[in-house]
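Accompanying notes for the structure given below.
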Amino acid sequence: MIRFLIKGLLKDRSRSLIPLIVTSFGVMITVVLHSWLTGIMSESLELNANITTGHMKVMTKAYSEVMDLSPLNLSIIGADSLVKGLKKSYAGTDWVKRIRFGGLVDVPDEKGETKAQGPVVGWSLDLLTKGTKEIERFNLKKSLISGSLPKKTDEGLLTDVFAKRYNIGIGDTFLLFSNTFEGSMSFTNFTVAGTIRFGSEAIDRGALIIDIKAAEKSFNMEDSAPEILGFLEHQYDDEKVNLISEDFNSLYRNNDDEFRPYMIRMRDQNDMGSIIDYSQAIGTLMVAIFVGAMSVVLWNAGLLGGLRRYSEFGIRLAMGEEKIAIYKSLIYEAILIGLIGSITGTISGLGISYYLQEKGIDISNLMPNSSILMPQIARANITIAALYIGFIPGLVSTVLGAVISGIGIFKRKTSMLFKELEV
Numbered sequence: 461m462i463r464f465l466i467k468g469l470l471k472d473r474s475r476s477l478i479p480l481i482v483t484s485f486g487v488m489i490t491v492v493l494h495s496w497l498t499g500i501m502s503e504s505l506e507l508n509a510n511i512t513t514g515h516m517k518v519m520t521k522a523y524s525e526v527m528d529l530s531p532l533n534l535s536i537i538g539a540d541s542l543v544k545g546l547k548k549s550y551a552g553t554d555w556v557k558r559i560r561f562g563g564l565v566d567v568p569d570e571k572g573e574t575k576a577q578g579p580v581v582g583w584s585l586d587l588l589t590k591g592t593k594e595i596e597r598f599n600l601k602k603s604l605i606s607g608s609l610p611k612k613t614d615e616g617l618l619t620d621v622f623a624k625r626y627n628i629g630i631g632d633t634f635l636l637f638s639n640t641f642e643g644s645m646s647f648t649n650f651t652v653a654g655t656i657r658f659g660s661e662a663i664d665r666g667a668l669i670i671d672i673k674a675a676e677k678s679f680n681m682e683d684s685a686p687e688i689l690g691f692l693e694h695q696y697d698d699e700k701v702n703l704i705s706e707d708f709n710s711l712y713r714n715n716d717d718e719f720r721p722y723m724i725r726m727r728d729q730n731d732m733g734s735i736i737d738y739s740q741a742i743g744t745l746m747v748a749i750f751v752g753a754m755s756v757v758l759w760n761a762g763l764l765g766g767l768r769r770y771s772e773f774g775i776r777l778a779m780g781e782e783k784i785a786i787y788k789s790l791i792y793e794a795i796l797i798g799l800i801g802s803i804t805g806t807i808s809g810l811g812i813s814y815y816l817q818e819k820g821i822d823i824s825n826l827m828p829n830s831s832i833l834m835p836q837i838a839r840a841n842i843t844i845a846a847l848y849i850g851f852i853p854g855l856v857s858t859v860l861g862a863v864i865s866g867i868g869i870f871k872r873k874t875s876m877l878f879k880e881l882e883v
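Residue numbers for the sequence shown follow the working numbering, so the first one is 461 and each next one is one higher.
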């Protein structure tokens with residue numbers, strides 16, 4: 461029976477080609493839009509992860525209790541070996557040390573006397589290691605207003621607003637006052653390599669970015685870090701993060717040392733849990749609306765397909781074929797068309813979504829005033845749901861349309877067939 465129906469669909473393209481094209485195209489659009497919306501809704505989460513939270517964050521247990529204060533004296537000792545262990549234990553993740561600090565920038569004049577002073581909030585990142593992803597995460601290249609990225613450990617980036625306010629130019633030297641790991645004062649000279657824009661007025665008033673090695677040396681923190689941020693290969697995945705954090709924390713469950721390593725998830729920081737849940741709910745609602753609309757389109761396509769074959773069904777009834785047999789064959793054909801269309805549409809949709817996930821679409825031209833806190837590339841995000849979501853409109857709606865349109869077969873009267881067929 462199935463082999464007979466497949467041969468019929470292949471030989472009679474008038475009843476299979478258009479429904480297959482419509483179903484495949486509808487499923488493809490559903491998969492691509494689902495992945496695209498999921499990616500767009502995740503962009504705000506990625507910005508928070510890149511700048512502050514990471515997808516995961518490792519710190520000491522004591523540091524986690526006063527995390528907002530960023531106390532350097534509660535940092536992880538032996539951070540380098542811990543980073544190597546994390547990369548080895550959890551494939552497909554990237555782990556980086558970060559040091560957040562506050563300080564005072566002292567700008568000297570020609571005589572070496574203080575010309576101006578201003579407070580700054582600072583980040584130390586891995587800027588100089590070959591292949592580092594920190595420059596991309598902070599979008600530093602496109603956020604540069606003047607100058608260049610640091611090429612030496614004693615070079616730094618100041619916000620453009622701060623540099624103009626205190627009349628600091630590219631190549632000028634400034635002194636950074638801050639505190640060390642032990643709590644004493646640190647004094648380090650840096651050279652301005654370039655100026656950047658964060659896109660937040662509060663941060664742009666005074667912010668500094670330096671290399672992680674320079675911060676370790678300045679703050680007496682060699683092989684130490686208050687925070688180790690972890691990033692998944694693609695966008696944030698709550699389920700994967702939960703598995704990794706639970707596995708890591710289980711290693712230290714019986715350790716009561718307040719300086720033991722402790723991992724927290726992105727949703728455990730800065731009230732991100734409610735934001736993640738809200739973005740997921742909005743994304744699900746938008747996808748549900750589109751899937752419903754596409755289901756109606758393919759349902760109507762199934763209805764029209766049945767109506768177009770009105771005369772065919774009459775001929776088959778006149779030739780003695782039973783109504784139930786015709787009805788079953790119509791449903792079987794709809795299942796085959798829906799299944800084939802859903803599979804081809806899902807495969808093509810996943811292909812397009814994968815390209816959008818890996819390459820993305822550069823939207824920086826739409827925002828000439830690029831900044832660190834503005835996404836430059838819009839990406840899709842393929843999830844498990846993308847593998848089956850297309851079958852809802854593709855298979856279910858197509859079959860439902862055929863089921864409803866086929867009811868008319870049972871209303872046909874044999875005595876009226878000759879008149880209907882004009883025989």
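All C-beta atoms, glycine included, are put in the ideal place defined by N, C-alpha and C. The structure displayed is predicted, hence computed values, not measured ones.
With 16 or more other CB atoms across the displayed protein chains lying within 10 angstroms of its CB, Q729 is buried. Positions of the beta strand (DSSP E) runs, each at least 3 residues long and wholly inside the region 497-557, are given as 516-520 in order along the chain. By the criterion of a C-beta distance shorter than 8 angstroms, P579 is surrounded in its chain by G562, G563, L564, V565, G666, once the five residues flanking it on both sides are discounted. Assignment of S608 by DSSP, reduced to helix, strand and coil, places it in the coil class.
For I837, the three-state secondary structure derived from DSSP is strand. If you look at Q817, you'll find it in the alpha helix (DSSP H) that goes 783-818. Checking the DSSP bridge columns, you'll see E615 partnered with T651. With respect to M681, S530 sits apart: the two C-beta atoms are not nearer than 8 angstroms. For S584, the enclosing beta strand (DSSP E) covers residues 574-585. DSSP places A674 in the uninterrupted alpha helix (DSSP H) bounded by 672-678. With distances taken between CA atoms, S603 lies nearest to S660 out of S660, T806, N627. Counting only residues of its own chain and dropping the five nearest sequence neighbours on each side, S584 has a CB closer than 6 angstroms to the CB of I559, I670, I672, A675. Taken in chain order, the unbroken stretches of alpha helix (DSSP H) that lie wholly in the region 652-729 and span 4 residues or more are 661-664, 672-678, 698-710. In the DSSP assignment, F637 falls within the unbroken beta strand (DSSP E) covering 633-639.
In the displayed model, L480 falls within a helix according to three-state DSSP.
For D569, no alpha helix (DSSP H) run applies, since DSSP gives it neither H nor E.
In the structure shown, I749 adopts helical secondary structure according to DSSP, grouped into three states.
No residue range can be given for L588, since it is assigned to no alpha helix (DSSP H) and is classified by DSSP as neither H nor E. Taking a cut-off of 8 angstroms on C-beta distances, the region 621-640 touches the region 651-658, as three or more cross pairs fall below it.
The C-alpha of G743 is placed about 10 angstroms away from the C-alpha of I749.
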